[in-house]
Structure formats: structure tokens, C-alpha cells
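Asks: Pasting a structure below so you can have a look.
2 protein chains.
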Amino acid sequence: MSNRQIVVETLPTGELTEGHFKLKNAAMPEPDDGDVLLRTILMSIDAANRAWMQGATYRAAINPGDPMPTYAICEVMQSNSPRVAVGDIVGAEAVWTEYLTAPAHKVQKMPKVPRLENLLSVFGIAGLTAFHGLVGVGQPITGETLVVSAAAGSVGGFVGQIGKALGLRVVGIAGGPEKCAYATEELGFDACIDYRASGMFKALKAACPDGVDIYFDNVGGPILETTLALMNERGRVVCCGAISQYETDTPTGPRNLPGLVVTKRLRMEGFIVLDYVADNPKALRALQQWVQSGQIKTREDVVEGLENAPKALIGLLHGDNTGKRLVRVGGDPA
Amino acid sequence: MSNRQIVVETLPTGELTEGHFKLKNAAMPEPDDGDVLLRTILMSIDAANRAWMQGATYRAAINPGDPMPTYAICEVMQSNSPRVAVGDIVGAEAVWTEYLTAPAHKVQKMPKVPRLENLLSVFGIAGLTAFHGLVGVGQPITGETLVVSAAAGSVGGFVGQIGKALGLRVVGIAGGPEKCAYATEELGFDACIDYRASGMFKALKAACPDGVDIYFDNVGGPILETTLALMNERGRVVCCGAISQYETDTPTGPRNLPGLVVTKRLRMEGFIVLDYVADNPKALRALQQWVQSGQIKTREDVVEGLENAPKALIGLLHGDNTGKRLVRVGGDPA
Numbered sequence: 001m002s003n004r005q006i007v008v009e010t011l012p013t014g015e016l017t018e019g020h021f022k023l024k025n026a027a028m029p030e031p032d033d034g035d036v037l038l039r040t041i042l043m044s045i046d047a048a049n050r051a052w053m054q055g056a057t058y059r060a061a062i063n064p065g066d067p068m069p070t071y072a073i074c075e076v077m078q079s080n081s082p083r084v085a086v087g088d089i090v091g092a093e094a095v096w097t098e099y100l101t102a103p104a105h106k107v108q109k110m111p112k113v114p115r116l117e118n119l120l121s122v123f124g125i126a127g128l129t130a131f132h133g134l135v136g137v138g139q140p141i142t143g144e145t146l147v148v149s150a151a152a153g154s155v156g157g158f159v160g161q162i163g164k165a166l167g168l169r170v171v172g173i174a175g176g177p178e179k180c181a182y183a184t185e186e187l188g189f190d191a192c193i194d195y196r197a198s199g200m201f202k203a204l205k206a207a208c209p210d211g212v213d214i215y216f217d218n219v220g221g222p223i224l225e226t227t228l229a230l231m232n233e234r235g236r237v238v239c240c241g242a243i244s245q246y247e248t249d250t251p252t253g254p255r256n257l258p259g260l261v262v263t264k265r266l267r268m269e270g271f272i273v274l275d276y277v278a279d280n281p282k283a284l285r286a287l288q289q290w291v292q293s294g295q296i297k298t299r300e301d302v303v304e305g306l307e308n309a310p311k312a313l314i315g316l317l318h319g320d321n322t323g324k325r326l327v328r329v330g331g332d333p334a
Numbered sequence: 335m336s337n338r339q340i341v342v343e344t345l346p347t348g349e350l351t352e353g354h355f356k357l358k359n360a361a362m363p364e365p366d367d368g369d370v371l372l373r374t375i376l377m378s379i380d381a382a383n384r385a386w387m388q389g390a391t392y393r394a395a396i397n398p399g400d401p402m403p404t405y406a407i408c409e410v411m412q413s414n415s416p417r418v419a420v421g422d423i424v425g426a427e428a429v430w431t432e433y434l435t436a437p438a439h440k441v442q443k444m445p446k447v448p449r450l451e452n453l454l455s456v457f458g459i460a461g462l463t464a465f466h467g468l469v470g471v472g473q474p475i476t477g478e479t480l481v482v483s484a485a486a487g488s489v490g491g492f493v494g495q496i497g498k499a500l501g502l503r504v505v506g507i508a509g510g511p512e513k514c515a516y517a518t519e520e521l522g523f524d525a526c527i528d529y530r531a532s533g534m535f536k537a538l539k540a541a542c543p544d545g546v547d548i549y550f551d552n553v554g555g556p557i558l559e560t561t562l563a564l565m566n567e568r569g570r571v572v573c574c575g576a577i578s579q580y581e582t583d584t585p586t587g588p589r590n591l592p593g594l595v596v597t598k599r600l601r602m603e604g605f606i607v608l609d610y611v612a613d614n615p616k617a618l619r620a621l622q623q624w625v626q627s628g629q630i631k632t633r634e635d636v637v638e639g640l641e642n643a644p645k646a647l648i649g650l651l652h653g654d655n656t657g658k659r660l661v662r663v664g665g666d667p668a
């Protein structure tokens, strides 16, 4: 049996290209006592993959030759533990590979859902990141105005829909008219500003007549700088990502920082979804309720084939996805 | 009777000079019903005076021709209200002037203290700003490491001394060897880094072997950028001021923002002392206890004469004060 996997052959300093990756045939892994052998079905593709290539963060640095880490939905093929049975569908910290082993206590058994894709979108890291960031960090109050960047992306789309469900005015920022139309027409945002068009500041100001109380920031850079200028006193900036800064060697800081944080008494706070794991059951209950009521719509953007994972990540960094991006490595269980 | 006052004749765009101010003789104000007539004794000189000249913030913009706002300790000369008596010493939102009127309900009666100067330092805005910023925003835990910039300034000096009283490791940042010696030898900081010397990052890193848990930022700019790089996960940045950014038309943002806020899950939070007014009695009780025990030493840097207020502010912006800067406008009551 072959076990194809994709390694990071060299670390990028500027723009990420397919040349930084290499497809190779690895050995078929053997599960130890207490381990399970997993077959990868779906892998989550995230801007964070690129951030991890910049050095150690909340996880260890990726070194040349390492396979790319990911979170994946897998089928249990062999189990040396009573915790998990052959045929179970589990979520696991994995890598870009067809087969892997993991300690059984480190995989999460997944609930039955109509479509496995949902496990990596609304009921996965994207939905949980949106929920914990907006609710836990942003602390929204009905009637406030929320701005969210990368609005047609997976996290951004859920943030806006949760915001609407909680009674906020929701204004998105996205690249291009199609994505803006998707946010307003399909996801129900009150407005969505195209940052590629001219006059973004004016357009955003017009869309936020009462100012901005919460900015859910996925991008950093000039869009953060522009939105900060419209924040209300005691506003909150949920710092979820800085996608605009990942592919540059000369990052630019928002010139109004920290000045506006002082004069407007803003709170800027970073978080990762793992910080809020204790609140996951509450978050999942709320998300299920909103999916059932139709207040949250899910959309996945599935790229077929392990070999296309680099292309899927590079495309994501250029903003070519609408909805949660996944790579399908193998078929659903029969 | 004359009533000298100093107005902002033109708004600065770059460096503030004495030419931006004008001394003039204003009319002697007449207190209305419910008002008091006040004689200014001591005025607080703060970097915030310069920030207010950049446009509207938490207070209205200063316009050309306006006298400079300040907080002052005053003697009540005439009272048209039963709340306040002639001869009382009060604190008031004032301007750079010898005499002013104010609604009696807007002035604060001051407690008896050995030296009126203390009312504008440890028991005034500086001491309260240090307390509320460090305790309320920074949420310190004994054993953590605190870094504070403008360490020999008034707020910075109190922040560090409160930090020591609470059991923190305290590292200051200040300009020049004299100020650093003042922080360590007189105020009891564990270390103080001279930002004008070369190798600041290395020196700060060596002084913080366990990383930085709280950064009390009075300066913004490159010192913020450097300190952010040394923050621990879940660290807190207390955004109190951005003195490095007030005198430039081309402010620079820290290039590692918001990236490090995301990956380290930092919280950056601005505040002004007025937000915490409900906690002032608790703060003053703690400050009094520390002054009595000798854990907080106070030092005021008093410039004599209303006419020298512009010079006092300009000097402060260039860092030539040690301890809380005040201007004495009139003598203590007999």
C-alpha cells in the first residue's frame, strides 16, 4: 500500500508557490499500543497554514522536510485502543497525508451529521473560531455594529451570520463584487464593502452610520488601519488573523496604533480556538440551533485530491475561495 | 485685577514650540449663581496636552485661540454655592489661567495633605492613572514580569513602584543613564533599560528572563514594537499613551501588529483614568497605604510661573523631567 504525503520542502520568505512543496511516498505507518491507524477523508485548509511557516507560534515551527500540519476528518482503519472502533469517524491533528497513526486519546469522535464536510466548517474549527471570537472576545450587545473582514471566507461568513442571529448590524469587507453579493444576498449581511474598489473608507463609513463597535479582523494591514478610524469609544477588535501580512517581508503596522487604542479606549485581543475548548459544547449547541433555524447557511469549497493541497492553500491566500476550503483526500466510508 | 492666561495661538503640525502659544490678559471672570471663582495654584502638565492638540479625542478639539485645558489645584476665592466655601482647596478641570469660574458641583474638594503638590502626583491623575492602568487593565499576578516605558516619568514611576508593592518583577525603559539610575536606585525597579543606548532588544531580553507578562506602554512606536516581541502568551499591553507619535506627521505603526496579538493571544487595551472613577476611593486607600509604608516615593518637578507653562510642556515632550511635572501659578493659601 502506498501512503502519499506532501512535505514542505523549503520555507517561503515571500510569496508561497507550489515549488515549496513536494509530493512523496512515505512508509505506511504502524500503530503502536494505544494508537489508531487513520485514513484521511477531508483536510481543513486555512490561512493559519501559511502563518505556521513563519516560525514557532502557538505550535512548533515547521522545518524543511516536515509534512504540513492540518486538522482532518478521518476513518479509523485499525485500533489498538478500546476508546475507538474500526469504522469510527474522528477528527485529528494530522498532516497532509493519506494515512497516519495517532494516540487514540488524542482523536475526537465525531457526531453523525448528514455531510462530513460540515464537520470542518460550521461544526469545526471555522464555526467555533467565529463563535468564540465574536461571543467570547467581542462580547456583542444587540443593536451594536459589527464589521468583519474576509467576509466571504469561512470564518468571516459565520461571524456575520452569528452577528445577525444576535441582532447586530453586520457589515462585511471582501474582495470583489461577487463576494460582496454573496455576503449580502446569500448570507444576509446588511452591507458588504469591496476593498478593491476605490473609496473604501467613505463606503465603510456610510455603511456604519453609528460607527463600529466590534471589528472582527482576519486581515490586519491597511484594512485594519481604515476600520480603526471608524471605531466607537470602548470598541473591541477581535484579532483572529493577519492574512495581509503573511506573504510580505516588509509588513506595515497600522499607523494609528497604539494612538487610537489610547484615545478611544479600545480593546484589541487575540485568541485561538483552543483557548475556548471548555465552551465548545455551548458553542456547538448554539450553532446547531442556528443551522436548524436556517439562520446559518453553510457552504464548503472542496478541492479534490491530496496532490492539489498546495494549490488549494495558495489559492486561499489569494482569496479565490467562497466558503470553507477543504481538500478531499479519500472517499466517505461505504 | 489682571487675569493672565495662555492660549494656543496656532495648532502645531510637527514639533511644538513656544511660538504656538500666546500670553494674554483676559477679563476677570464673574461667577454665576451656583458657580465658584477659583485661583489657580498648581497645574498638571501632561503629554496628553500635546495629544489634545491633534484633534477631538475623549475631549473636544482645541481650536486656535482657546486656552490650553488642564487639571488644576485651586483655592476658592468666592462661592455662590453652599457646596464649597471660600478658602477650600479644590481640584478642577481648568485652563492655563490665573483665575477661572466653574460650577461648584464640578469641582472636587481635596483632602488635607502635607504638600499640595502630592494632590497632582501620587493622589492625583498620575497616581490614579498608574493604579487603574496596572491593576484594572493589566490584572497583575505576583511573580509576573512588568515592563513600563517612560519609567522616570510620573505615571511610569508610580506604575513600577505599585508593581514592586504587588510582588512583580519590574523592568523600566527610560532615556539616559541618569533616569535609569533614578528608577533602579531611588524607585526600586529591578532593572531599567536605556532606550537611547544601542542593543535595547538584547538588554531588555536579558532583564526579562521569564519574558514579559504586562507592558505598560506610555510611548508607542519602536519601543512598543520591541517589547511586543518579548511578550509571553496571553500577555497584556496597557495602552496609556503614545508620546513617541505625538510630534510626527508620519507616524509608524509597530510592524508586528496585529500579527503578534493573534499568535500570542495578547490583549491590548486603552483606558483613561475617568473610566475608573468609581474605583478611586479604593485606589486612593491603597496609594495612601503604600506612601505611608514607604513603598511609594513621590517626587514632583515644579516649574515656577504661568508664563513658563509652554516651556514646561515642550520640555516634558523631550523627556527633561524626572517625576511629576507641575507648573506653580500662585502661592499656597496663607
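Line by line, the protein sequences give chains A and C.
Under this note's numbering, the first residue of the first sequence carries the number 1, and numbering increases by one thereafter.
Under this note's numbering, the first residue of the second sequence carries the number 335, and numbering increases by one thereafter.
Using N, Cα and C, we set each Cβ at its ideal position, and we do this for glycine too.
It should be emphasised that the depicted structure is a prediction, and the values quoted were computed from it without experimental measurement.
1. Could you give the residue range of the beta strand (DSSP E) that holds Thr479/C?
2. Would the beta-carbon of Val273/A fall within 7 Å of that of Ile243/A?
3. Using the beta-carbon of each residue, which ones in chain A are nearer than 9 Å to Phe605/C?
4. Any C-beta of chain C sitting closer than 7 Å to the C-beta of Pro251/A?
5. Quick one: what does DSSP say Gln54/A is sitting in, helix, strand or coil?
6. What are the uninterrupted segments assigned as alpha helix (DSSP H) that are 4 or more residues long and contained completely in the stretch 447 to 495 of chain C, given in chain order?
7. How many whole angstroms separate the CB atoms of Val481/C and Val572/C, which I take to be in contact at a CB cut-off of 8 Å?
8. How many Å lie between Val447/C and His466/C at the Cα?
9. For Pro31/A, count neighbouring C-beta atoms within 10 Å of its own C-beta (all shown protein chains included) and say buried if the count is 16 or more, exposed if not.
10. I'd like to know whether the C-beta of Pro254/A is nearer than 7 Å to at least one C-beta of chain C.
11. State yes or no: is the C-beta of Thr70/A within less than 7 Å of the C-beta of Ser44/A?
12. May I have the straight-line CA-CA distance separating Arg50/A from Leu166/A, to the nearest angstrom?
13. Enumerate in chain order the residues of its own chain whose CB-to-CB distance from Glu247/A is below 6 Å, with the five nearest sequence positions on each side excluded.
14. Would you say Pro29/A touches the ligand NAP, meaning its beta carbon is less than 6 Å from a heavy atom?
15. Determine the direct distance from the alpha carbon of Gly497/C to that of Ile475/C, and round the result to whole angstroms.
16. If you draw a straight line from the C-alpha of Met602/C to the C-alpha of Ala183/A, how long is it?
17. Can you name the residues of chain A whose CB is closer than 8 Å to the CB of Gly575/C?
18. Pop quiz: Val370/C and Ser415/C are said to be a contact at Cβ under 8 Å. What is the actual Cβ separation, rounded to whole angstroms?
19. I need the straight-line Cα distance from Leu640/C to Thr263/A, nearest angstrom please.
20. So, does the CB of Gln139/A fall closer than 7 Å to a CB anywhere in chain C?
21. Distance, Cα to Cα, Ala537/C vs Val493/C?
22. Along the chain, which unbroken stretches of the beta strand (DSSP E) at least 3 residues long are found entirely within the stretch 237 to 282 of chain A?
23. Is the CB of Gly593/C under 7 Å away from at least one CB in chain A?
24. Applying the 10 Å Cβ sphere with the 16-neighbour rule, what's the burial state of Thr351/C?
25. According to DSSP, is Lys205/A part of a helix, a strand, or is it coil?
26. Report the residues of the stretch 35 to 51 of chain A with a CB closer than 8 Å to any CB of chain C, ordered along the chain.
27. Return the residues of the stretch 53 to 68 of chain A that lie within a Cβ-Cβ distance of less than 7 Å from chain C, sorted by chain order.
28. Give the straight-line distance between the Cα atoms of Leu284/A and Ala229/A, rounded to the nearest whole angstrom.
29. Would Met602/C pass as an interface residue toward chain A - the criterion being a Cβ-Cβ separation below 7 Å?
30. Below 7 Å on C-beta distance, what does Leu224/A contact in chain C?
31. What's the gap between the Cα of Gln388/C and the Cα of Tyr215/A?
32. Under the three-state reduction of DSSP, which class applies to Val341/C: helix, strand or coil?
33. At 8 Å on the CB atoms, spell out the chain A contacts of Asp551/C, in chain order.
34. Check each candidate in Phe123/A, Thr101/A, Glu178/A, Phe271/A and name the one with the smallest Cα separation from Gln292/A.
35. Given Leu134/A, which residues of its chain have a CB within under 7 Å of its CB, disregarding the five upstream and five downstream residues?
Replies: In terms of the structure at hand:
1. Residue mapping note: residue 479/C aligns to position 145 of the second sequence, counting from 1. Its beta strand (DSSP E) spans residues 479 to 483.
2. Walking along the first sequence from the start, residue 273/A turns up at place 273. Walking along the first sequence from the start, residue 243/A turns up at place 243. In this structure, Ile243/A does not lie closer than 7 Å to Val273/A by Cβ.
3. For the purposes of this step, residue 605/C is taken as the residue at position 271 of the second sequence. Going along chain A in sequence order, the residues near Phe605/C (Cβ under 9 Å) are Val262, Arg265.
4. As a working note, residue 251/A is residue 251 in the first sequence. So yes, Pro251/A belongs to the interface.
5. In the first sequence, counting from the first residue as 1, residue 54/A sits at position 54. Here Gln54/A sits in coil by DSSP.
6. 459 to 465
7. Counting from one through the second sequence, the residue named residue 481/C turns up at place 147. Counting from one through the second sequence, the residue named residue 572/C turns up at place 238. Not really, about 10 Å apart at Cβ, beyond 8 Å.
8. For the purposes of this step, residue 447/C is taken as the residue at position 113 of the second sequence. For the purposes of this step, residue 466/C is taken as the residue at position 132 of the second sequence. So the two alpha carbons sit approximately 22 Å from each other.
9. Along the first sequence, read from residue 1 onward, the residue named residue 31/A stands at position 31. So Pro31/A counts as buried.
10. The residue given as residue 254/A occupies position 254 in the first sequence. Chain C, which has a Cβ nearer than 7 Å to the Cβ of Pro254/A, makes this yes.
11. On the first sequence, position 70 is the one that residue 70/A refers to. On the first sequence, position 44 is the one that residue 44/A refers to. Cβ atoms of Thr70/A and Ser44/A: closer than 7 Å.
12. The count along the first sequence starts at 1 and reaches residue 50/A at position 50. The count along the first sequence starts at 1 and reaches residue 166/A at position 166. Rounded to the nearest angstrom, the two C-alpha atoms are 32 Å apart.
13. Position 247 of the first sequence, counting from 1, holds the residue named residue 247/A. Hits under 6 Å: Glu15.
14. This structure does not include the ligand NAP; it has no bound ligands of any sort.
15. Position 141 of the second sequence, counting from 1, holds the residue named residue 475/C. Position 163 of the second sequence, counting from 1, holds the residue named residue 497/C. Their Cα atoms are separated by approximately 10 Å.
16. Numbered from 1 along the second sequence, position 268 holds the residue referred to as residue 602/C. Numbered from 1 along the first sequence, position 183 holds the residue referred to as residue 183/A. About 30 Å.
17. Position 241 of the second sequence, counted from the first residue, corresponds to residue 575/C. Result: Val262.
18. As a working note, residue 370/C is residue 36 in the second sequence. As a working note, residue 415/C is residue 81 in the second sequence. Contact holds; Cβ gap of about 6 Å.
19. As a first step, residue 640/C must be located in the second sequence, where it is residue number 306. As a first step, residue 263/A must be located in the first sequence, where it is residue number 263. Near 27 Å, if we compare the C-alpha coordinates of Thr263/A and Leu640/C.
20. Along the first sequence, one-based indexing puts residue 139/A at 139. No, its Cβ sits nowhere closer than 7 Å to a Cβ of chain C.
21. In the second sequence, residue 537/C corresponds to position 203, counting from 1. In the second sequence, residue 493/C corresponds to position 159, counting from 1. For Ala537/C and Val493/C, the distance between alpha carbons rounds to 21 Å.
22. 267 to 270
23. Along the second sequence, one-based indexing puts residue 593/C at 259. Closer than 7 Å to some Cβ of chain A, the Cβ of Gly593/C qualifies, so yes.
24. Stepping through the second sequence from its first residue, residue 351/C is reached at position 17. Under this definition Thr351/C is an exposed residue.
25. Taking the first residue of the first sequence as position 1, residue 205/A is located at position 205. Note: Lys205/A maps to helix in three-state DSSP.
26. Ala51
27. Thr57, Tyr58
28. Looking up residue 284/A in the first sequence gives position 284. Looking up residue 229/A in the first sequence gives position 229. Cα-Cα distance, rounded: 34 Å.
29. One-based indexing of the second sequence puts residue 602/C at position 268. It does; some Cβ of chain A falls within 7 Å.
30. Within the first sequence, residue 224/A is the residue found at index 224, counting from 1. Correct list: Pro592.
31. Along the second sequence, one-based indexing puts residue 388/C at 54. Along the first sequence, one-based indexing puts residue 215/A at 215. C-alpha separation (whole angstroms): 24 Å.
32. Stepping through the second sequence from its first residue, residue 341/C is reached at position 7. Three-state result, Val341/C: strand.
33. Translated into the one-based positions of the second sequence, residue 551/C becomes position 217. Going along chain A in sequence order, the residues near Asp551/C (Cβ under 8 Å) are Pro258.
34. Within the first sequence, residue 292/A is the residue found at index 292, counting from 1. The option with the nearest alpha carbon to Gln292/A is Phe123/A.
35. Counting from one through the first sequence, the residue named residue 134/A turns up at place 134. Cβ neighbours of Leu134/A beyond the five flanking positions: Pro140, Val159, Ile162, Gly163, Phe216, Val238.
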